[in-house]
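Notes follow once the structure below has been shown.
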Amino acid sequence: MISLNIEKTFGFISKEKVSAYDAEVKAAQEMLEKGTGKGNDFLGWLHLPSFISKEHLAELNATAKVLRDNCEVVIIAGIGGSYLGARAVIEALSNSFTWLQDKKTAPVMIYAGHNISEDYLYELTEYLKDKKFGVINISKSGTTTETALAFRLLKKQCEDQRGKETAKQVIVAVTDAKKGAARVTADKEGYKTFIIPDNVGGRFSVLTPVGLLPIAVAGFDIEQLVAGAADMEKACGADVPFAENPAAIYAATRNELYRSGKKIEILVNFCPKLHYVSEWWKQLYGESEGKDNKGIFPASVDFSTDLHSMGQWIQEGERSIFETVISLDKVDHKLEVPFDEANLDGLNFLAGKRVDEVNKMAELGTQLAHVDGGVPNMRIVLPSLNEYNIGGLLYFFEKACGISGYLLGVNPFNQPGVEAYKKNMFALLDKPGYEEESKAIRAKL
Ligand SMILES: O=P(O)(O)OC[C@H]1O[C@](O)(CO)[C@@H](O)[C@@H]1O
296 MISLNIEKTF
306 GFISKEKVSA
316 YDAEVKAAQE
326 MLEKGTGKGN
336 DFLGWLHLPS
346 FISKEHLAEL
356 NATAKVLRDN
366 CEVVIIAGIG
376 GSYLGARAVI
386 EALSNSFTWL
396 QDKKTAPVMI
406 YAGHNISEDY
416 LYELTEYLKD
426 KKFGVINISK
436 SGTTTETALA
446 FRLLKKQCED
456 QRGKETAKQV
466 IVAVTDAKKG
476 AARVTADKEG
486 YKTFIIPDNV
496 GGRFSVLTPV
506 GLLPIAVAGF
516 DIEQLVAGAA
526 DMEKACGADV
536 PFAENPAAIY
546 AATRNELYRS
556 GKKIEILVNF
566 CPKLHYVSEW
576 WKQLYGESEG
586 KDNKGIFPAS
596 VDFSTDLHSM
606 GQWIQEGERS
616 IFETVISLDK
626 VDHKLEVPFD
636 EANLDGLNFL
646 AGKRVDEVNK
656 MAELGTQLAH
666 VDGGVPNMRI
676 VLPSLNEYNI
686 GGLLYFFEKA
696 CGISGYLLGV
706 NPFNQPGVEA
716 YKKNMFALLD
726 KPGYEEESKA
736 IRAKL
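Going by the numbering used here, the letters in the sequence shown line up with residues 296 to 740, in that order.
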């Protein structure tokens with residue numbers, strides 16, 4: 296299970312002030328538990344891990360098997376919360392070069408419906424031309440343009456290449472129980488469907504079929520993922536005292552840092568497999584807290600890579616940032632730096648050391664340098680990359696986000712601001728029903 300260390304924030308904020316959040320956090324936990332806070336119709340994620348049944352997981356695994364048995368490639372069509380959680384888990388647990396390996400143990404997983412790039416979609420459809428592929432179409436609203444557009448292309452291509460009957464076996468929809476175009480299409484075509492519960496918002500949906508189905512298709516153990524989340528649900532429960540509750544401490548510390556003028560939180564990893572965990576986290580916190588002209592700006596970096604690009608800014612730029620490091624304790628493989636007689640590169644001081652030891656010293660050196668440079672540092676220790684630990688990490692962030700949003704005084708479960716670009720785009724594209732907006736926006740051009 297993960298652990299949290301906030302010692303390296305205490306040169307910037309006081310331990311006493313963080314501890315003083317106890318009452319506020321209790322109130323936030325109570326609002327979540329009793330459903331008395333803002334956005335209380337979207338609390339379905341709160342006890343989701345402990346409610347997921349064996350039968351539900353078996354049904355997901357059975358559908359995953361159909362896709363695994365019948366597809367060389369599976370496209371996950373979705374955007375935001377409808378793909379980031381799945382991608383975060385799959386990339387964290389996969390071999391870094393999985394798609395280049397000759398011996399495949401699972402279909403190649405490809406993501407679409409998260410951009411509107413013509414080149415991306417053209418190149419994808421070209422690649423798929425000789426592939427037996429399937430699609431998981433994921434959209435809670437069922438009407439998101441990026442996803443709907445990609446799915447329209449993929450559905451046609453799948454039917455053209457594999458025939459309508461096979462296409463029905465290898466296209467699965469994850470969407471609302473009743474409404475939206477994705478639901479209408481799935482019902483009409485007779486696709487297997489999974490429901491995204493009404494009371495679970497997109498960014499909190501990784502432990503629904505939105506995340507679980509693609510993760511199972513990729514060959515990972517969704518029972519262990521859910522078990523890790525369920526144990527974290529207990530560890531972060533409302534009955535767990537503040538000082539022992541990692542979600543409470545994380546939420547309190549980041550809010551105290553924010554109140555002290557640290558407006559940007561940078562999520563850091565030293566393992567590229569965690570890149571999409573950060574992408575998922577950015578949506579979770581960005582959409583939940585960035586409203587009412589408030590909110591910590593969630594940013595992320597992959598170290599040590601980005602130490603050579605963003606390192607300068609972090610070390611010496613405006614002191615409005617803090618870092619939260621996901622520190623991977625145990626790596627999966629062993630690789631030692633070889634001894635070289637000639638030592639032309641001068642690296643013999645590392646000979647015999649594990650590559651991970653070098654990485655760990657880079658991590659420690661960075662933490663000390665950044666703290667010295669005025670950047671408060673929190674550290675989340677992830678024991679190793681497996682389903683159980685990742686499940687726990689995801690739930691930890693979700694729970695802390697719910698608490699943190701209430702500490703900030705916003706509704707953490709809506710995202711009204713996302714509509715502005717959509718309205719303008721539809722007006723510019725002359726979508727029926729947007730006639731007035733079209734006129735108004737053209738007048739501005
Ligand atoms: O699942 P949907 O409805 O396609 O939405 C995808 C994403 O788009 C948003 O609704 C923003 O428009 C996110 O909150 C969500 O995760």
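Cβ coordinates follow ideal geometry from the N, Cα and C atoms, glycine included.
Mind checking which residues open and close the alpha helix (DSSP H) that includes residue i?
{"i": "S746", "result": "Lying before the first or after the last residue shown, residue 746 is absent from the chain, which here runs from 296 to 740."}
{"i": "T548", "result": "P541 to R554"}
{"i": "Y415", "result": "E413 to Y422"}
{"i": "R363", "result": "K349 to N365"}
{"i": "A443", "result": "T440 to V465"}
{"i": "N719", "result": "E714 to L723"}
{"i": "K739", "result": "E730 to K739"}
{"i": "M605", "result": "Counting along the chain, M605 falls outside any alpha helix (DSSP H), and DSSP gives it neither H nor E."}
{"i": "P633", "result": "Segment: none, P633 is in no alpha helix (DSSP H) and carries neither H nor E."}
{"i": "K398", "result": "Unbroken run through K398: none, as it is neither H nor E."}
{"i": "G523", "result": "I517 to A530"}
{"i": "T331", "result": "It is not in any alpha helix (DSSP H) - T331 carries neither H nor E in the DSSP assignment."}
{"i": "L642", "result": "Careful: L642 lies outside any alpha helix (DSSP H) and carries neither H nor E."}
{"i": "F346", "result": "L343 to F346"}
{"i": "V384", "result": "L379 to L388"}
{"i": "T480", "result": "A476 to E484"}
Looking only at its own chain, which residues have a Cβ that is under 8 Å from the Cβ of residue i, when we skip the five neighbours before and after it?
{"i": "V666", "result": "K303, G306 and N672"}
Should residue i be labelled buried (16 or more other beta-carbon atoms within 10 Å of its own) or exposed?
{"i": "K435", "result": "buried"}
{"i": "P402", "result": "buried"}
{"i": "I308", "result": "buried"}
{"i": "Y580", "result": "buried"}
{"i": "Y417", "result": "exposed"}
{"i": "S583", "result": "buried"}
{"i": "D725", "result": "exposed"}
{"i": "D651", "result": "buried"}
{"i": "W340", "result": "buried"}
{"i": "P707", "result": "buried"}
{"i": "N564", "result": "buried"}
{"i": "E551", "result": "buried"}
{"i": "N638", "result": "exposed"}
{"i": "E693", "result": "buried"}
{"i": "Y716", "result": "exposed"}
{"i": "H628", "result": "exposed"}
{"i": "V467", "result": "buried"}
{"i": "A695", "result": "buried"}
{"i": "R737", "result": "exposed"}
{"i": "D414", "result": "exposed"}
Can you list, in chain order, the residues of its chain whose CB lies under 6 Å from that of residue i, leaving out five sequence neighbours each side?
{"i": "D317", "result": "F537"}
{"i": "A513", "result": "I385, A401 and M404"}
{"i": "A657", "result": "S599"}
{"i": "E682", "result": "F515, D516, Q519 and L520"}
For residue i, which residues from the same chain have a beta carbon less than 7 Å from its beta carbon, with the 5 sequence-adjacent residues on both sides left out?
{"i": "K568", "result": "E386, A387, S391 and L680"}
{"i": "Y422", "result": "none"}
{"i": "V670", "result": "I609, I616, F617 and E618"}
{"i": "D336", "result": "N494"}
{"i": "A315", "result": "none"}
{"i": "G687", "result": "M296, I297, G523, A524, D526 and M527"}
{"i": "T661", "result": "F598 and L602"}
{"i": "K426", "result": "E367 and V368"}
Beta strand (DSSP E) containing residue i: first to last residue?
{"i": "N654", "result": "Unbroken run through N654 is the alpha helix (DSSP H), V650 to D667; no beta strand (DSSP E)."}
{"i": "R674", "result": "N672 to S679"}
{"i": "V369", "result": "V368 to A372"}
{"i": "P593", "result": "F592 to D597"}
{"i": "V512", "result": "Careful: V512 lies outside any beta strand (DSSP E), inside the alpha helix (DSSP H) at P504 to V512."}
{"i": "T488", "result": "K487 to I490"}
{"i": "L299", "result": "S298 to N300"}
{"i": "V403", "result": "V403 to A407"}
Can you check DSSP and say which residues form a bridge with residue i?
{"i": "V620", "result": "V563 and R674"}
{"i": "V313", "result": "Answer is none; V313 lacks a bridge partner."}
{"i": "E325", "result": "According to DSSP, which records beta bridges pairwise, E325 is partnered with nothing at all."}
{"i": "F537", "result": "Answer by DSSP bridge pairing: none, since F537 is not bridged."}
{"i": "Y683", "result": "None; Y683 has no bridge partner."}
{"i": "S434", "result": "T470"}
{"i": "K589", "result": "K586"}
{"i": "F428", "result": "V368"}
{"i": "K625", "result": "S679"}
Listed by chain order, which residues have C-beta atoms less than 6 Å from any heavy atom of ligand 1? I374, G375, G376, S377, S434, K435, S436, T439, T442, G497, R498, E582, Q710 and V713
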